[in-house]
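The sequence shown begins at -1 in this note's numbering and counts up one residue at a time. Glycine residues also receive a C-beta, built at the ideal position from the N, C-alpha and C atoms. Notes to accompany the following structure.
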Amino acid sequence: MDTQARNTSPDRSTLRTEAIGLSSGEVVERVDELLEVAYRSASLGNVDDPVAEAIYILLSVQTREAVYKRVFQELRTRYPTWHEVLDADRAELEEVVRSAGFQERRAEGIQKFLGKVLEDNARRGKPGVISLDYLREMPDEEVLAELESLPGLGPKTARCIMTYSLGRDVFAVDTHVSRIFHRLGLVPREKGKVDHSLYEKVVPAAMGQRLHVNLIHHGRAICRTQKPACGSCPLISFCAVGQGELRSDARPVAVELFAGAGGLALGFQEAGFRVAVAVEMERNAAQTHRANHPGTVVLERDVNKITADHVRAVAPWVGEVAAVIGGPPCQGYSIAGKRDPDDAKNVLFKQQVRLASELEARFVVIENVPGMRNIKGIRFHEAVEQELREHGYNPDHRVVKASNYGVPQLRWRLIFTAQLLHKSSGDEPRMPPGDYCGDRRDQCQCGRDWVPTVLEVLGRPGLPELDSGEVAEYRLLEEGVVLLNGSTMKHGRKVIDKIAGIEPGKGPISYRRLHLDLARTIVAGHRALPVHPTLHRTISVREAARIQGFRDDYVFCGSRGKQPLQVANAVPPALGEAAARELIRVIEKRPGSSLLEAEHDPCGPPATLQLLLPPREEQEEGGASRAAG
């Protein structure tokens, strides 16, 4: 590249800004949601009484949490009233707070503070009273000024008291908050004291308390001053500092497009890949991906606008990219969808191949519905393979059924695998046959374990039977087990009576009851999921996620109405894991199943199915779940 061209090329900061494509306000909104998912506003021990809160904070300065909590309780036990603390012998008070450190300064500061509060109450006509309850009737500006006039209380402490004890919508900035906001680039680094006005410009007032609490938890657990755990951070998508801190390791690297809620990425990670960057333009799915894949940079962008330079700008540690993976939108291909050959989304696979070529990725994996092989006479799978060949890849495609991989669904999928010719060792990856008998046929002689049934999957521990209309987005069960996304839809009596008369595997698509053994493709129409196989309600998001093969700790973000489609759209992780293990087999030059064996899997699709669509009755809903891509 000549000097002039190099000088006009965007720098990493510009490319990174383009790749993220979010305003400061949008980033703060997403940070708040992700931290709430991670920490649930867990109590920091703050108290409702403003005087007690002030003392609590004065004890917390430069002291470990466990210590200042203990000292505060010891102080209240030794001196039941604030008058007793004020009148206490200074040496005795110093001994009580000694374990918090700086005992002389703390004891003096506490008594000065209490003395001033007593004095202010006397001036207000309430002699002998040590209370700050008079602040409750004042406007925010006066409350802030009044608190900052008290000994030992600065802007941060004053705002904490306003937030925790007076219920005011303000945002307190401590060292954890400022450190995280600086690293995220949300506010410039101040010279000297914290300028709260900079933070108030980007943090909505109503968000202040929750965000403050969760930022403190995050600063203690992950975003530490020294040795921050950036590889475990759900905020890495927005953090230039964290992105620069990550380092490569022995795992092969994947980049994911059309990432959805991260089912394909989960499978690849389980197999041993490291997913460096994922691209998903739907906000809620992107948040789910971030929450469950800390350390992966998730770009909430249109894949048409993402280049290899953008990928490397947000993941500068990435050297060689082993695979570009993804499941492009399929509504134009789906038997249950429009099957429109002119749908512009039908050719989004070209963007995946383009980016793979730009990154010189060794492998490409594309997941879709079998219906793309023939849409009103147009064979889109041939177009996919032609595009791969034109970019130097040797493609292969397989029709597979999710039940052969341990997923209790008759969910047919078309999997493309391709290897860059000039990086090939001669061993080409092909989607392997699964480890399970996918049909549970009594006459099957394949010798494999039967795929678990829907009832078996739903009956595993950690998933209680809930009635219609129960709220269980975050419910603590026995033995510390947490139920996530377990809320059930509330049905009226007429709907419940209608559902009660539907047999397993029967019913209209809006109230289709799941089979007891294998479900058809999980779909989410009108924000609702299928009917439970035995209970008279639709299944919960958690139940649907189990049927898809997600772990119970995999949390889905967004409102309850936005969660079902994320689950239904997801690639079952087991399919992703099988594809990823095949790529690793090729990388490690280990022998694998022959092409002949893969095509003649006795309990998978017959060889003729490589040229035909799966039976319509088994995929009449197949692909509807992927209508949003």
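Problem set entry | Spatial neighbours of His81 in its chain, beta-carbon cut-off 7 Å, leaving aside the 5 residues before and after | Ile128
Exercise. Ordered along the chain, which non-local residues of its own chain (more than five positions away) have a Cβ less than 8 Å from that of Gly325?
Worked result: Phe256, Gly258, Leu262, Ile364, Glu365, Asn366, Val569, Arg624, Gly627
For this session: Answer with buried or exposed for Ala311, where buried requires no fewer than 16 other C-beta atoms within 10 angstroms of its C-beta.
Result: buried
Exercise. At what residues does the alpha helix (DSSP H) containing Lys348 begin and finish?
Worked result: 347 to 357
Problem set entry | Proximity below 9 Å, CB of Asn282 to CB of Tyr552 | no
For this session: With Asn392 as the anchor, note down where its beta strand (DSSP E) starts and where it stops.
Result: 391 to 399
Exercise. Exposed or buried, what is Thr629 when buried is set at 16 or more other beta-carbons lying within 10 Å of its beta-carbon?
Worked result: A question about residue 629 goes unanswered here, because the residues of the chain that appear run from -1 up to 627.
Problem set entry | Length of the line joining the Cα atoms of Thr415 and Asp437 | 25 Å
Problem set entry | As assigned by DSSP and simplified to three states, the class of Trp315 | coil
For this session: May I ask you to report which of helix, strand or coil DSSP gives Glu385?
Result: helix
Exercise. Bridge partners of Ile413, per DSSP?
Worked result: Glu365, Arg396
Problem set entry | Endpoints, the beta strand (DSSP E) within which Glu471 is located | Note, Glu471: premise wrong, no beta strand (DSSP E); not H, not E.
For this session: For the region 536 to 550 and the region 228 to 237, state whether three or more C-beta atom pairs, one from each stretch, are separated by less than 8 Å.
Result: no
Exercise. If you run the structure through DSSP and keep just helix, strand and coil, what is Cys634?
Worked result: The question about residue 634 has no answer here: the residues shown for the chain are numbered -1 through 627.
Problem set entry | Sufficient close CB pairs (3 or more, under 8 Å) joining the region 87 to 103 to the region 111 to 129 | no
Problem set entry | Glu580 and Pro430 closer than 9 Å at C-beta | yes
Exercise. Can the beta-carbon of Tyr403 be found closer than 9 Å to that of Leu573?
Worked result: yes
For this session: From the DSSP output, read off the bridge partner residues of Thr536.
Result: Val529
Problem set entry | contact_flag[the region 507 to 518, the region 397 to 413] where n(CB pairs < 8 Å) is 3 or more | yes
For this session: Pick out whichever of Leu412, Arg511, Gly260, Val319 has its Cα sitting closest to the Cα of Gln564.
Result: Gly260
Exercise. Which first and last residues belong to the beta strand (DSSP E) in which Gly324 is found?
Worked result: 321 to 324
Problem set entry | Within 9 Å, strictly: CB atoms of Gly359 and Val322 | It should be noted that the sequence gives Ala, not Gly, for residue 359. Yes; because the gap between Cβ atoms is below 9 Å, this pair is in contact.
For this session: Specify, as a first and last residue, the run of the alpha helix (DSSP H) that Glu454 falls within.
Result: 452 to 456
Exercise. Which one or two residues does DSSP pair with Trp448 in a beta bridge?
Worked result: Cys435
Problem set entry | From Ala64, Gln71, Leu112, Gly99, residue whose alpha carbon lies closest to that of Ala86 | Leu112
For this session: Reducing DSSP to helix, strand and coil, say where Leu581 ends up.
Result: helix
Exercise. So what does DSSP say about Gln443, is it helix, strand or coil?
Worked result: coil
For this session: Can you grab the Cα-Cα spacing for the pair Arg510 / Asp300, in whole Å?
Result: 34 Å
Exercise. Between the C-alpha atoms of Ala36 and Gln443, what's the straight-line distance to the nearest angstrom?
Worked result: 46 Å
Problem set entry | Under the three-state DSSP convention, the category Val127 falls into | coil
Exercise. How should Val398 be labelled, buried or exposed, when 16 other C-beta atoms within 10 angstroms of its C-beta is the threshold for buried?
Worked result: buried
Problem set entry | First and last residue of the uninterrupted beta strand (DSSP E) at Leu481 | 480 to 482
For this session: Mind checking who Ala276 pairs with in its DSSP beta bridge?
Result: Glu254, Val296
Exercise. Any chance the region 532 to 542 sits against the region 477 to 492, with 3 or more Cβ pairs inside 8 Å?
Worked result: yes
For this session: Could you please give the first and the last residue of the uninterrupted alpha helix (DSSP H) stretch that includes Ser97?
Result: No alpha helix (DSSP H) contains Ser97, which DSSP labels as neither H nor E.
Exercise. Is it buried or exposed for Thr12, if we count other Cβ within 10 angstroms and need 16 for buried?
Worked result: exposed
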